[in-house]
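Some notes on the structure that comes next.
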Amino acid sequence: MSDHVIFRYDPDHQPEITFRAVPSGCTGGANTMAEARACYRTCLSARLHVDRRALPTVVEHLEGLVCGMWVRTKVGAVHRDQASDRMLLQTLLSPGEAQRALRDDVAELTDKGAQPIVVLAEPDQPVEFVVDQMLPRDTLVVAHSDGQGGVAWTTLYGPESSDADGVPRLMDDSAADATPVAALTRSGAGLGLVVRRRRAADIAS
């Protein structure tokens, strides 16, 4: 089982880089990425009682504030809008009805007291990959290219999210885990879905 660690860069915060990890629960921070990575791996090694060379697979994500929205992407991922040959983030920030609607949704969630994070994904990426990086209080706006020069998205709520009341629930089974992200957006899950996370297995397994 992998550990997903999210590094958030906020120049107005000290330390500038903070991290939180799922499911290990490691948290901390530093003022450089190298220091933050070292701090995280020290924490994970202590949590698992193993040498750092024996740590499980780690998936890293970066978060930053972009045009008033917190945006998350997997380190090393290249999300492109195939229709326009632009980066997905460029498409997300460009003019367009879908893009404006997504930004309005993020603003509305923020006004309601949630702390939404836009997660950049690939259309064929399994839902499990997003669920595995969620905390119970998270509100994740999962966005991907719609193949026509725009964006498609749906919102996944953790079971303790402040804005999950009245939202349908995504069942925790292997079929749901393997469902491509685009299948959720095509299904018309406009209200979003609440994800009931399974109890984490031994991360070292």
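Each number in this note's numbering comes from the position in the sequence shown (counting from 1) with 839 added on.
By construction, the Cβ of each residue, glycine as well, lies at the ideal position given by its N, Cα and C atoms.
Between the CA atoms of residue j and residue i - distance to the nearest angstrom
i	j	result
Leu974	His843	11 angstroms
Arg891	Asp943	43 angstroms
His852	Gly868	10 angstroms
Leu894	Leu883	8 angstroms
Arg919	Val1020	16 angstroms
Thr1018	Pro934	30 angstroms
Ala877	Glu936	42 angstroms
Pro955	Glu855	20 angstroms
Thr993	Met840	26 angstroms
Val990	Arg880	35 angstroms
Ser984	Gln921	8 angstroms
Met908	Asp977	15 angstroms
Arg939	Arg859	30 angstroms
Arg847	Gly903	6 angstroms
Exposure label - residue i; buried when at least 16 CB within 10 Å
i	result
Cys906	exposed
Val914	exposed
Ala885	exposed
Ala1040	Note on Ala1040: pLDDT 45, under 50, position unreliable in the model; no value is reported.
Pro850	exposed
Gln972	buried
His888	exposed
Val917	exposed
Asp924	exposed
Gly997	buried
Gly952	exposed
Arg1038	With a pLDDT of only 47 at Arg1038, under 50, the local geometry of the prediction cannot be trusted, and the value read off the model is given with reservation. Exposed.
Where residue i sits in the DSSP three-state scheme
i	result
Asp943	helix
Thr1024	helix
Asp851	coil
Ala1040	Residue confidence for Ala1040 is low, a pLDDT of 45 falling below 50, so the modelled location carries little weight; the figure read from the coordinates is stated next. Correct three-state label for Ala1040: coil.
Val1033	strand
Asp842	strand
Thr857	strand
Thr866	strand
Beta carbon proximity, residue i to chain B, threshold 8 angstroms
i	result
Ser984	Among the chains in the structure shown there is no chain B, since it carries only a single protein chain.
message = Pairs of beta-carbons, one from the segment 913 to 932 and one from the segment 859 to 879, closer than 8 angstroms: are there three or more?
response = no
ask   = Fully enclosed by the segment 952 to 1014, which alpha helix (DSSP H) runs are 4 residues long or longer?
value = 966 to 970
ask   = Which residue spans inside the segment 874 to 922 form an unbroken alpha helix (DSSP H) run of at least 4?
value = none
task = Give a yes or no on contact between the segment 937 to 955 and the segment 963 to 970, applying the rule of three or more CB pairs nearer than 8 angstroms.
result = no
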